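Here's the structure, in structure tokens; my notes come after.
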Amino acid sequence: MTIKIIGTGSAVPEQVVTNDDLAKIVDTNDEWIRTRTGIEERRIASAGSGTSHMATEAAKKALAQAGISAKDLDIIIFATSTPDCCFPSGACEVQAAIGADKAVAFDISAACSGFIFALHTVHSFFKAGIYQTGLVIGADTLSKIIDWQDRSTCVLFGDGAGAAVVRAEEHGTLHMTMGSDGSKASALACTARTTDSFLTGKKPELGYMTMDGQEVFKFAVKTVPEAIRTVLSEGGTHIDEIKYFVLHQANYRIFESIAKRLKISMEKFPTNLERFGNTSGATIPILLDEMNREGKLERGDKIVLAGFGAGLTWGATLLEW
Ligand code: UT7
């Protein structure tokens with residue numbers, strides 16, 4: 178039993194923030210950001226347009242493209258590290274907004290690997306014969322947990338959402354790998370926000386993202402090629418059979434290093450980080466949606482998705498479009 182993606186959708190805020198805009202608030206410049214990351218601009222959500230709002234827009238587009246009703250969905254899994262509420266889950270908010278009354282809905286937290294983890298979880302339900310039709314969402318509003326005084330992180334991220342409608346299929350390819358290493362959690366972290374209780378007497382703390390960029394960089398360029406090799410070997414697929422490697426959009430130099438290690442042309446690595454920056458759990462489904470709508474994917478194409486992020490977590494999927 179495998180998964181077929183039958184519809185994709187994405188949504189990003191209207192507000193464009195360029196590198197020059199950021200140079201007005203922190204000591205940075207367009208040249209540094211472009212050459213070190215490949216990012217030129219990103220989208221930042223305005224008040225009232227949070228994670229679930231973007232996710233709902235992306236979900237509606239994915240359903241419209243799939244040509245199915247929200248009422249046909251059995252399961253919704255929403256990957257996010259920046260939900261609008263502690264509870265209800267973002268998945269339940271989307272479920273209500275699109276009217277998917279029959280679907281079970283819940284969130285998972287795996288940061289930038291979230292969409293891949295969610296896709297694999299839905300696949301497992303399909304394989305167990307429990308569900309047949311699902312909606313997988315990756316959406317984040319990282320702008321609300323960024324320290325806008327910290328130039329080492331604030332230039333990297335953006336807000337956005339991507340979604341895929343998936344269906345269980347008897348035939349086709351899907352091989353997957355996932356991993357976690359909680360011992361390296363401090364390399365990329367954001368503590369929960371707290372108001373504490375009357376007993377602690379502490380002041381509220383606003384958790385902001387902190388990152389050891391070089392540590393994450395080294396982790397990504399080592400782990401992602403290994404994960405890609407694993408799914409190719411399990412799928413009995415030669416690397417040359419892969420049309421595209423759809424990677425988590427974090428840094429262009431990470432793509433170059435991975436391409437070099439795998440000895441593959443950069444042409445097989447589509448990108449959109451120059452326009453959206455790193456949207457965490459949303460990067461892979463937003464890019465997939467763009468490629469799909471541009472007609473770059475044809476039925477039968479073999480592609481590899483691969484992500485990495487806080488946790489630390491990582492994962493790769495070999496799938497047939
Ligand atoms: O989803 C996963 C998210 N995280 C990642 O993907 C992070 C992966 N890591 C990276 O992408 C890179 O490590 C960064 C882009 C974050 C940083 O690039 P780098 O080449 O590793 O730079 P660096 O941290 O070694 O910093 C080099 C210099 C430092 O100055 P000094 O000490 O050499 O004087 C930094 O203070 O660049 C400085 N710097 C900046 N300068 C201008 C750091 N951030 C900035 C900035 N503008 N925004």
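Start counting the sequence shown at 178; every next residue gets the next number (the working numbering).
Yeah, the Cβ is synthetic: ideal placement off N, Cα and C, and Gly gets one too.
As the structure is a computational prediction, the values presented were derived from the model and not from experiment.
Any non-hydrogen atom of the ligand UT7 closer than 6 Å to residue i Cβ
i	result
T195	no
F394	yes
C289	yes
W209	yes
S329	yes
V343	no
G484	no
V332	yes
R213	yes
T387	no
A222	no
Q326	no
CA nearest to the CA of residue i, picked from the options
i	options	result
P402	I431, T377 and T387	I431
P381	T368, M388 and V393	T368
D389	D198, A247, A362 and T372	A362
I480	F446, L383 and G384	F446
G486	S290, S286 and M178	S290
A483	T448, I405 and E444	I405
message = With three or more beta-carbon pairs closer than 8 Å as the criterion, would you say the segment 240-257 touches the segment 214-227?
response = Counting Cβ pairs under 8 Å, fewer than three are found: no touch.
Touch test, the segment 444-464 against the segment 186-201, Cβ-Cβ under 8 Å, three pairs minimum = Judged by Cβ distances under 8 Å, the segment 444-464 makes contact with the segment 186-201, as three or more pairs qualify.
request  = Write down every uninterrupted run of the alpha helix (DSSP H) in the segment 376-420 whose length is 4 residues or greater and which is fully enclosed by it, in chain order.
outcome  = As for any alpha helix (DSSP H) of minimum length 4 sitting wholly inside the segment 376-420, the runs are 390-411, ordered along the chain.
query = Quick check: the segment 445-452 against the segment 202-217, are there 3 or more CB pairs under 8 Å?
reply = yes
inquiry  = Runs of 3 residues minimum, wholly inside the segment 272-312: which ones carry the beta strand (DSSP E) assignment?
reply    = 281-285
task = Check whether the segment 353-363 touches the segment 329-339, counting contact only when three or more Cβ pairs, one atom from each stretch, lie closer than 8 Å.
result = no
ask   = Using 8 Å as the Cβ pair cut-off and three pairs as the minimum, do the segment 271-288 and the segment 341-348 touch?
value = No, because fewer than three Cβ pairs between the segment 271-288 and the segment 341-348 fall closer than 8 Å, the two stretches do not touch.
ask   = For the segment 319-330 against the segment 462-476, are there 3 or more C-beta pairs whose distance is under 8 Å?
value = no
ask   = Are there three or more Cβ pairs, one per stretch, closer than 8 Å when the segment 420-440 is compared with the segment 197-208?
value = no
key: Length-filtered (4 minimum) alpha helix (DSSP H) runs lying within the segment 202-263   = 207-214 and 228-243
inquiry  = Between the segment 488-497 and the segment 276-296, can you find at least three pairs of beta-carbon atoms closer than 8 Å?
reply    = yes
ask   = Whole beta strand (DSSP E) runs in the segment 307-360 with 3 or more residues, listed along the chain?
value = 310-318, 336-346 and 351-357
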